[in-house]
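**Q** I'd like to ask some things about the structure below.
2 protein chains.
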Amino acid sequence: MVQEFNSPQEEYRTTQERVYFQVRDAILRGKFLPGRAITIRGLAAELDCSPMPVREALRRLTSERALELSDTRRVKVPTMTPEKLTEICAARVALECQAAEQALPLVNEVELEKLRQLDERVTSALEQKDIEQYVTANLEFHFTLYRLGQPHIILSLIESLWLQTAPLQHLVFQRFGVQELPDRHQDLLAAIGSKDVEQVRKAIQQDIEEGLGSISAEELL
Amino acid sequence: MVQEFNSPQEEYRTTQERVYFQVRDAILRGKFLPGRAITIRGLAAELDCSPMPVREALRRLTSERALELSDTRRVKVPTMTPEKLTEICAARVALECQAAEQALPLVNEVELEKLRQLDERVTSALEQKDIEQYVTANLEFHFTLYRLGQPHIILSLIESLWLQTAPLQHLVFQRFGVQELPDRHQDLLAAIGSKDVEQVRKAIQQDIEEGLGSISAEELL
DNA sequence: ACCACTAAAATGTGATCACAAATTAGTGGT
DNA sequence: ACCACTAATTTGTGATCACATTTTAGTGGT
Numbered sequence: 001m002v003q004e005f006n007s008p009q010e011e012y013r014t015t016q017e018r019v020y021f022q023v024r025d026a027i028l029r030g031k032f033l034p035g036r037a038i039t040i041r042g043l044a045a046e047l048d049c050s051p052m053p054v055r056e057a058l059r060r061l062t063s064e065r066a067l068e069l070s071d072t073r074r075v076k077v078p079t080m081t082p083e084k085l086t087e088i089c090a091a092r093v094a095l096e097c098q099a100a101e102q103a104l105p106l107v108n109e110v111e112l113e114k115l116r117q118l119d120e121r122v123t124s125a126l127e128q129k130d131i132e133q134y135v136t137a138n139l140e141f142h143f144t145l146y147r148l149g150q151p152h153i154i155l156s157l158i159e160s161l162w163l164q165t166a167p168l169q170h171l172v173f174q175r176f177g178v179q180e181l182p183d184r185h186q187d188l189l190a191a192i193g194s195k196d197v198e199q200v201r202k203a204i205q206q207d208i209e210e211g212l213g214s215i216s217a218e219e220l221l
Numbered sequence: 001m002v003q004e005f006n007s008p009q010e011e012y013r014t015t016q017e018r019v020y021f022q023v024r025d026a027i028l029r030g031k032f033l034p035g036r037a038i039t040i041r042g043l044a045a046e047l048d049c050s051p052m053p054v055r056e057a058l059r060r061l062t063s064e065r066a067l068e069l070s071d072t073r074r075v076k077v078p079t080m081t082p083e084k085l086t087e088i089c090a091a092r093v094a095l096e097c098q099a100a101e102q103a104l105p106l107v108n109e110v111e112l113e114k115l116r117q118l119d120e121r122v123t124s125a126l127e128q129k130d131i132e133q134y135v136t137a138n139l140e141f142h143f144t145l146y147r148l149g150q151p152h153i154i155l156s157l158i159e160s161l162w163l164q165t166a167p168l169q170h171l172v173f174q175r176f177g178v179q180e181l182p183d184r185h186q187d188l189l190a191a192i193g194s195k196d197v198e199q200v201r202k203a204i205q206q207d208i209e210e211g212l213g214s215i216s217a218e219e220l221l
């Protein structure tokens with residue numbers, strides 16, 4: 001098993017917290033396959049701790065719907081269904097538009113420039129077809145914007161939704177690549193620059209619906 | 001300690017699940033005071049099990065923000081701040097409008113009648129100033145509507161948001177009563193009856209903002 | 001009375017153990 | 001080869017224990 005987990009650079013207060021973020025990160029990076037079962041003892045061995053902290057971390061991730069419990073109580077990466085995808089899409093539009101609207105008044109030239117740089121990393125990753133880089137940069141682009149309004153509660157809801165689509169997203173990218181992905185960030189950046197709330201909402205909605213819609217079109221295994 | 005917890009009528013698959021719902025229910029019914037610490041061993045004794053299931057249930061509720069961890073790792077009922085309240089308000093408007101919109105096409109006469117009956121329970125509870133009854137009926141009214149569209153993911157996000165305001169709501173009701181509460185359900189029912197999406201959204205937004213706004217006006221201790 | 005300091009009790013975290021249920025491996029029969 | 005059946009292993013859950021940290025109670029001094 002090579003480079004499944006990142007070693008934690010930050011210091012965590014508890015083992016459980018460390019495990020939580022390590023597993024969470026692994027999910028976001030597509031290291032788990034949907035449908036594959038995850039074992040407490042297995043993870044504990046890999047992460048060098050007792051089953052105890054793993055249990056709590058998995059319980060936490062399960063309640064965020066990043067993982068799910070099978071009918072036999074086993075923890076696994078959820079498989080996506082068209083219904084779930086539609087719902088996540090709708091929820092993301094609702095919440096991310098709200099977060100962006102909240103952030104908009106706080107965008108100054110410095111922040112806008114930071115966003116432009118992040119967008120360049122996204123497009124550059126797209127050109128090089130670097131999936132890993134694309135996912136990371138795209139995530140940072142969106143969350144850098146949303147974080148401006150300091151929306152703690154809404155942000156954690158949005159994070160939960162991203163966690164839920166991450167495994168599928170990686171699956172699709174690995175099968176079809178990232179070349180077909182549209183880049184709506186330009187529209188978004190322009191809208192932000194002109195402080196046009198309605199345009200920002202439209203751009204975010206398009207970004208989300210085109211991004212996840214293209215997946216919806218493919219078979220969902 | 002009298003009638004703090006409901007005895008579980010349904011059968012749960014695990015003790016942890018039973019404890020989770022019991023504590024969750026107690027929070028919704030305002031049995032915990034904001035700021036008061038909750039101890040694992042204390043709950044375990046009250047709920048007649050070992051600390052183990054309690055730990056996992058509390059971890060779960062913490063990740064839903066129904067409870068929070070203090071800097072010394074103790075679990076307590078979160079205290080509300082104006083910032084959090086504003087955020088929850090915005091998130092609820094965004095998500096509940098979405099849920100209602102999704103439910104709207106599925107409302108038939110039977111469902112509408114059920115909603116009317118629930119609304120009567122709400123107004124009746126308001127007249128009798130029965131806080132317990134009002135909270136329960138109001139919750140059922142909203143969630144009966146939202147559940148129609150079968151929005152699993154969005155619904156659990158909304159539930160999380162309601163959980164977060166429950167303790168404060170009870171606190172305010174006990175201090176000021178429920179007489180001043182406006183009843184926007186009539187507008188909502190009318191809008192639903194005429195299948196007017198825009199009116200439904202407006203009614204929900206007003207219901208939420210007036211309900212939580214009146215709290216915001218009071219001091220938040 | 002009030003406050004700093006200390007000692008005792010209680011608390012959260014993590015490890016280990018026991019056990020029932022589920023999964024996997026193995027076996028024999030057709 | 002294929003499938004039903006059984007045995008061995010693995011798994012999740014819950015209980016108990018150990019320990020460092022925090023909280024509370026108690027004490028003495030001003």
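Protein sequences, first through last, are from chains S and F. If you use full-length UniProt numbering, the first sequence corresponds to residues 1 to 221, in order. If you use full-length UniProt numbering, the second sequence corresponds to residues 1 to 221, in order. Backbone N, C-alpha and C define an ideal beta-carbon position, used for all residues, glycine too.
(1) What does residue 38 of chain S pair with, by DSSP beta-bridge criteria?
(2) Going by DSSP in three states, residue 126 of chain S sits in which element: helix, strand or coil?
(3) Are residue 4 of chain S and residue 37 of chain S closer than 8 Å when you measure CB to CB?
(4) What do you reckon, are the CB atoms on residue 148 of chain S and residue 181 of chain S nearer than 8 Å?
(5) Does residue 63 of chain S have its Cβ less than 8 Å from a Cβ in chain F?
(6) Report yes or no: do three or more beta-carbon pairs, one from the segment 63-74 of chain F and one from the segment 108-127 of chain F, lie closer than 8 Å?
(7) Exposed or buried, which one is residue 194 of chain S when buried takes at least 16 other CB atoms within 10 Å?
(8) Just by C-beta distance, which residues in the segment 182-210 of chain S are closer than 7 Å to chain F?
(9) Restricting to Cα atoms, I'd like to know which of S:76, S:177, S:160 and S:207 is closest to residue 141 of chain S.
(10) At a cut-off of 7 Å, would you count residue 121 of chain F as near the ligand ADP, judging by its Cβ distance to the nearest heavy atom?
(11) Closer than 7 Å by C-beta to residue 216 of chain F: which residues in its own chain qualify, once you throw out the five before and the five after it? Chain order, please.
(12) Check whether the Cβ of residue 170 of chain F lies closer than 8 Å to any Cβ atom in chain S.
(13) Starting from residue 20 of chain S, follow the alpha helix (DSSP H) in both directions and report where the run begins and ends.
(14) Between residue 139 of chain F and the rest of its own chain, which residues show a CB-CB distance below 8 Å, the 5 nearest in sequence each way excluded?
(15) Can you pull the DSSP bridge partners for residue 68 of chain F?
(16) If we call anything under 8 Å between Cβ atoms a contact, is residue 98 of chain F one with residue 53 of chain F?
(17) Looking at the unbroken alpha helix (DSSP H) that takes in residue 101 of chain F, where does it start and where does it end?
(18) Leaving aside the five residues before and after residue 79 of chain F along the sequence, list all residues of the same chain whose C-beta is less than 6 Å from its C-beta, in chain order.
(19) Are there 16 or more other CB atoms within 10 angstroms of the CB of residue 41 of chain F, so buried, or fewer, so exposed?
(20) Can you tell me which of the three DSSP states residue 214 of chain S falls into?
(21) Could you spell out the range, first to last residue, of the alpha helix (DSSP H) harbouring residue 55 of chain F?
(22) Among the candidates F:69, F:89, F:31 and F:24, whose CA atom is the shortest distance from the CA of residue 57 of chain F?
(23) I'd like to know whether the C-beta of residue 98 of chain F is nearer than 8 Å to at least one C-beta of chain S.
(24) Give me the Cα-Cα distance between residue 213 of chain F and residue 39 of chain S, rounded to the nearest whole angstrom.
(25) Which residues, in chain order, does the segment 81-92 of chain F contribute to contact with chain S at a C-beta distance below 7 Å?
(26) Let me see if you follow: with CB-CB separation under 8 Å, is residue 56 of chain F close to chain S or not?
(27) Taking the straight line between their C-alpha atoms, what separation do you get for residue 186 of chain F and residue 117 of chain F?
(28) At a CB-CB cut-off below 7 Å, which residues of chain F make contact with residue 310 of chain S?
(29) Is the Cβ-Cβ distance between residue 192 of chain F and residue 112 of chain F less than 8 Å?
(30) Applying the 10 Å Cβ sphere with the 16-neighbour rule, what's the burial state of residue 7 of chain F?
(31) Give me the chain S residues within the contact set of residue 151 of chain F, using Cβ-Cβ distance strictly less than 7 Å, ordered along the chain.
(32) Please classify residue 184 of chain S: does DSSP put it in a helix, a strand, or coil?
(33) Please tell me whether residue 100 of chain S and residue 204 of chain S are closer than 8 Å, where the distance is taken between their beta carbons.
(34) Is the CB-CB distance between residue 167 of chain F and residue 32 of chain F below 8 Å?
(35) Output yes or no for whether 8 Å exceeds the beta carbon distance between residue 184 of chain S and residue 159 of chain S.
(36) Check the C-beta distance from residue 152 of chain F over to residue 87 of chain S and give it rounded, since I have them as a contact under 8 Å.
**A** Let me spell this out:
(1) If you number the first sequence from 1, residue 38 of chain S lands on position 38. In DSSP, residue 38 of chain S forms a bridge with S:75.
(2) If you number the first sequence from 1, residue 126 of chain S lands on position 126. Residue state, collapsed to three classes: helix.
(3) In the first sequence, the residue the question calls residue 4 of chain S occupies position 4. In the first sequence, the residue the question calls residue 37 of chain S occupies position 37. Their beta carbons are not under 8 Å apart, which means residue 4 of chain S does not touch residue 37 of chain S by this criterion.
(4) Along the first sequence, read from residue 1 onward, the residue named residue 148 of chain S stands at position 148. Along the first sequence, read from residue 1 onward, the residue named residue 181 of chain S stands at position 181. Going by C-beta atoms, residue 148 of chain S is not nearer than 8 Å to residue 181 of chain S.
(5) For the purposes of this step, residue 63 of chain S is taken as the residue at position 63 of the first sequence. Yes, its Cβ sits closer than 8 Å to a Cβ of chain F.
(6) Judged by Cβ distances under 8 Å, the segment 63-74 of chain F makes no contact with the segment 108-127 of chain F, as fewer than three pairs qualify.
(7) The residue given as residue 194 of chain S occupies position 194 in the first sequence. By the beta-carbon neighbour count (other beta carbons within 10 angstroms, threshold 16), residue 194 of chain S is exposed.
(8) Closer than 7 Å at the C-beta level to chain F, one finds no residue of the segment 182-210 of chain S.
(9) As a working mapping, residue 141 of chain S is identified with position 141 in the first sequence. Of S:76, S:177, S:160 and S:207, the residue nearest in Cα terms is S:207.
(10) Here there are no bound small molecules, and the ligand ADP is not part of this structure.
(11) Within the second sequence, the letter at position 216 stands for residue 216 of chain F. For residue 216 of chain F, where only same-chain residues beyond five positions count, the Cβ hits under 7 Å are 82 and 85.
(12) Within the second sequence, numbered from 1, the residue matching residue 170 of chain F stands at position 170. Taking Cβ atoms only, chain S never reaches closer than 8 Å to residue 170 of chain F, which makes this a no.
(13) Locating residue 20 of chain S in the first sequence gives position 20, counting from the first residue. Segment 15-28, the alpha helix (DSSP H) holding residue 20 of chain S.
(14) Stepping through the second sequence from its first residue, residue 139 of chain F is reached at position 139. In its chain, beyond the 5 residues on either side, 28 and 162 have a beta carbon closer than 8 Å to the beta carbon of residue 139 of chain F.
(15) By one-based count along the second sequence, residue 68 of chain F stands at place 68. In the DSSP output, where bridge partners are listed per residue, residue 68 of chain F has F:76.
(16) Reading the second sequence from its first residue, position 98 is the one you call residue 98 of chain F. Reading the second sequence from its first residue, position 53 is the one you call residue 53 of chain F. No, the Cβ-Cβ distance between residue 98 of chain F and residue 53 of chain F is not below 8 Å.
(17) Position 101 of the second sequence, counted from the start, is the residue given in the question as residue 101 of chain F. For residue 101 of chain F, the enclosing alpha helix (DSSP H) stretches over residues 82-103.
(18) Sequence index remark: in the second sequence, residue 79 of chain F carries index 79 (1-based). The answer, listed in chain order, is 34 and 35.
(19) Translated into positions along the second sequence, residue 41 of chain F becomes position 41. It is exposed - the Cβ of residue 41 of chain F has fewer than 16 other Cβ atoms within 10 Å.
(20) As a first step, residue 214 of chain S is located in the first sequence; it is residue number 214 there, counting from the start. In the structure shown, residue 214 of chain S sits in a helix (DSSP, three-state: H, G or I).
(21) Here residue 55 of chain F refers to the residue found at position 55 when the second sequence is read from its first residue. The continuous alpha helix (DSSP H) containing residue 55 of chain F extends over residues 51-63.
(22) Taking the first residue of the second sequence as 1, we reach residue 57 of chain F at position 57. The option with the nearest alpha carbon to residue 57 of chain F is F:24.
(23) Position 98 of the second sequence, counting from 1, holds the residue named residue 98 of chain F. Taking Cβ atoms only, chain S reaches closer than 8 Å to residue 98 of chain F, which makes this a yes.
(24) By 1-based counting over the second sequence, the position of residue 213 of chain F is 213. By 1-based counting over the first sequence, the position of residue 39 of chain S is 39. Going from the Cα of residue 213 of chain F to the Cα of residue 39 of chain S covers about 46 Å.
(25) Flagged, chain order: 84, 87, 88, 90 and 91.
(26) Here residue 56 of chain F corresponds to residue number 56 of the second sequence, with the count starting at 1. Closer than 8 Å to some Cβ of chain S, the Cβ of residue 56 of chain F qualifies, so yes.
(27) Residue 186 of chain F sits at position 186 when you count from the first residue of the second sequence. Residue 117 of chain F sits at position 117 when you count from the first residue of the second sequence. Going by the C-alpha atoms only, they are around 12 Å apart.
(28) Because chain S here runs from 1 to 221, residue 310 of chain S falls outside it and cannot be looked at.
(29) Walking along the second sequence from the start, residue 192 of chain F turns up at place 192. Walking along the second sequence from the start, residue 112 of chain F turns up at place 112. Yes, they are a contact pair.
(30) The residue you call residue 7 of chain F lines up with position 7 of the second sequence. Burial call: exposed.
(31) In the second sequence, residue 151 of chain F corresponds to position 151, counting from 1. 87, listed in chain order.
(32) Here residue 184 of chain S refers to the residue found at position 184 of the first sequence. Residue state for residue 184 of chain S is assigned as coil, using DSSP reduced to three classes.
(33) In the first sequence, the residue the question calls residue 100 of chain S occupies position 100. In the first sequence, the residue the question calls residue 204 of chain S occupies position 204. Yes.
(34) Translated into the one-based positions of the second sequence, residue 167 of chain F becomes position 167. Translated into the one-based positions of the second sequence, residue 32 of chain F becomes position 32. Residue 32 of chain F is positioned such that its CB atom lies closer than 8 Å to that of residue 167 of chain F.
(35) As a first step, residue 184 of chain S must be located in the first sequence, where it is residue number 184. As a first step, residue 159 of chain S must be located in the first sequence, where it is residue number 159. No, Cβ-Cβ distance for residue 184 of chain S and residue 159 of chain S is not below 8 Å.
(36) If you number the second sequence from 1, residue 152 of chain F lands on position 152. If you number the first sequence from 1, residue 87 of chain S lands on position 87. Indeed, because the Cβ distance is near 7 Å, the residues count as touching under 8 Å.
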